[in-house]
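The structure under discussion appears below in the form of structure tokens.
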Amino acid sequence: MDSPVDPAVQIRGLNWAYVLMGAADGTLLPFIPLYLFERGLSAAWIGLVIAVAASASLAMGLTWAYLADRRFSPERMVVIASIAAALVALLLPVAGGAASVAVVIVALSLARSPFMLLDPITLRRLRVAPRTDYARIRLRMSAGWAASAVASGALFQLTGLRLIPFVYAPLSALVGLWVWHALKPIGTQPAEPAPVAVKVRRVPVALMTFLVSCFLLGASLAATQNFLVLRISFLGGGALLIGAAAAAQAVTEIPTMGYTHVLTKRISHGALFAIGCGIYLATFVAWAFTSDALVAASLKFVVGVAFALTFVAAVMMANDLAPSG
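So in the numbering used here, spot 192 of the sequence shown is number 205, and the numbers just go up one at a time.
Here it is as structure tokens:
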């Protein structure tokens with residue numbers, strides 16, 4: 014059994030894990046649609062590739078979550094994923110045609126899918142540090158993302174997007190090295206008297222409703238934000254403005270996430286989720302009537318507030334609604 018670790022040390026390790034993961038993702042995710050376009054894919058094919066990648070990632074993510082609950086350490090799965098993602102990313106430069114690039118992007122999404130385990134890893138550790146709020150830890154990813162997106166956008170503006178794999182790969186590997194060093198698997202918890210077993214015969218209605226809401230929100234985001242990158246490019250913006258737009262979202266995520274612990278004292282998680290969805294809707298309508306690249310990018314400041322509210326609320330609601338035992 015692993016020896017107990019000071020909760021403060023664990024939280025510090027989580028903070029930096031989120032910073033590093035945000036920094037790595039900031040060099041890749043904001044630029045994928047434009048990268049695919051430059052590699053010869055049309056808008057329709059870009060949408061198909063992103064849809065397949067997201068679906069595959071979701072399916073594998075559920076598998077990883079199942080295995081993490083029953084067989085393998087989620088911390089070690091994140092380590093393996095970071096190394097795998099780095100190796101797959103390095104296949105992009107040698108992918109010959111558009112079809113090969115599309116296959117590598119889907120494979121990269123699959124390799125990255127265990128990264129979603131970092132949130133349950135965090136929630137598990139918060140059980141021994143009740144004064145620490147999940148949102149205050151999660152906002153570190155936004156900080157890493159913001160700095161990385163601007164810096165990499167400026168770099169890609171000068172050198173071109175083909176440098177993306179060579180920037181992302183070492184940062185992804187660094188995430189794995191840090192998680193290996195700082196987030197040791199938690200040993201088996203002390204045995205407690207077993208409660209009377211209760212079989213959950215079906216998924217609770219509240220959880221099903223919540224999952225459908227998350228699906229609809231994800232579909233709306235996929236239909237807008239991925240193609241906003243192309244719209245900014247078509248309106249005259251380059252990689253720098255695309256990176257700045259991604260950073261703008263993160264800039265407003267940070268204070269919003271930091272303030273959610275105050276909001277939840279007055280508003281339920283469900284209400285926060287609904288408010289975030291309403292903000293998204295207003296922003297999507299504004300994007301439809303925008304014909305200026307700078308204005309389109311600036312609206313990402315508003316998106317950051319919506320993302321922070323919906324993401325934090327969704328994680329906490331999933332934790333509350335999931336059947337136990």
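The beta carbon of each residue, even a glycine, is placed where N, CA and C say it ideally should be.
Task: Closest Cα partner of Leu-243 within the set Pro-46, Gln-23 and Gly-39 - done: For the purposes of this step, residue 243 is taken as the residue at position 230 of the sequence shown. Looking at the Cα atoms, Pro-46 is the closest of the given residues.
TODO: May I ask you to report which of helix, strand or coil DSSP gives Ile-93?
DONE: In the sequence shown, the residue the question calls residue 93 occupies position 80. Residue state, collapsed to three classes: helix.
- [ ] In angstroms with no decimal places, state the Cα-to-Cα distance between Val-328 and Ala-287.
- [x] Counting from 1 along the sequence shown, the entry for residue 328 is found at position 315. Counting from 1 along the sequence shown, the entry for residue 287 is found at position 274. Approximately 14 Å, taken between the alpha carbons.
Open item on the list: Less than 6 Å between C-beta atoms, sequence neighbours within five positions excluded: which residues of the same chain meet that for Ala-321?
Closed with: Residue 321 sits at position 308 when you count from the first residue of the sequence shown. So the list reads Glu-266, Thr-269 and Met-270, once near-sequence residues are dropped.
Open item on the list: Can you find the residues in the same chain that come closer than 6 Å, C-beta to C-beta, to Ser-155, ignoring five residues on each side of it along the sequence?
Closed with: Stepping through the sequence shown from its first residue, residue 155 is reached at position 142. The residues are Ala-263, Glu-266 and Ile-267.
- [ ] Tell whether a beta-carbon distance below 8 Å holds between Ala-108 and Val-114.
- [x] As a first step, residue 108 must be located in the sequence shown, where it is residue number 95. As a first step, residue 114 must be located in the sequence shown, where it is residue number 101. Against a cut-off of 8 Å, the Cβ pair of Val-114 and Ala-108 comes out as a contact.
Open item on the list: Buried or exposed, going by whether 16 or more other CB atoms sit within 10 Å of the CB of His-282?
Closed with: By one-based count along the sequence shown, residue 282 stands at place 269. The residue in question, His-282, is buried, as its Cβ has 16 or more Cβ neighbours within 10 Å.
- [ ] Rank Leu-71, Ala-195 and Ala-261 by C-alpha distance to the C-alpha of Pro-127 and give the top, closest one.
- [x] The sequence position of residue 127 within the sequence shown is 114, counting from 1. Considering only alpha carbons, the answer is Leu-71.
Open item on the list: With H, G and I counted as helix, E and B as strand and the rest as coil, what does DSSP make of Leu-123?
Closed with: The sequence position of residue 123 within the sequence shown is 110, counting from 1. DSSP places Leu-123 in helix when its eight states are reduced to three.
Open item on the list: If I follow the unbroken alpha helix (DSSP H) through Val-350, where does it start and stop?
Closed with: Any property of residue 350 remains undetermined from this structure, which presents the chain solely from 14 to 338.
Open item on the list: I need the boundaries of the alpha helix (DSSP H) containing Ile-280, first residue and last residue.
Closed with: For the purposes of this step, residue 280 is taken as residue 267 along the sequence shown, with counting starting at 1. Here Ile-280 belongs to no alpha helix (DSSP H), and DSSP marks it neither H nor E.
- [ ] Compute the Euclidean distance between the alpha carbons of Arg-89 and Ile-24, then round it to the nearest angstrom.
- [x] In the sequence shown, the residue the question calls residue 89 occupies position 76. In the sequence shown, the residue the question calls residue 24 occupies position 11. Distance between the alpha carbons of Arg-89 and Ile-24: 17 Å.
Task: Where the alpha helix (DSSP H) containing Ile-63 begins and where it ends - done: Taking the sequence shown and counting its residues from 1, one reaches residue 63 at position 50. First-last of the alpha helix (DSSP H) with Ile-63: 56-83.
Task: Residue burial classification, Ser-95 (beta-carbon count within 10 angstroms, cutoff 16) - done: The residue given as residue 95 occupies position 82 in the sequence shown. Buried.
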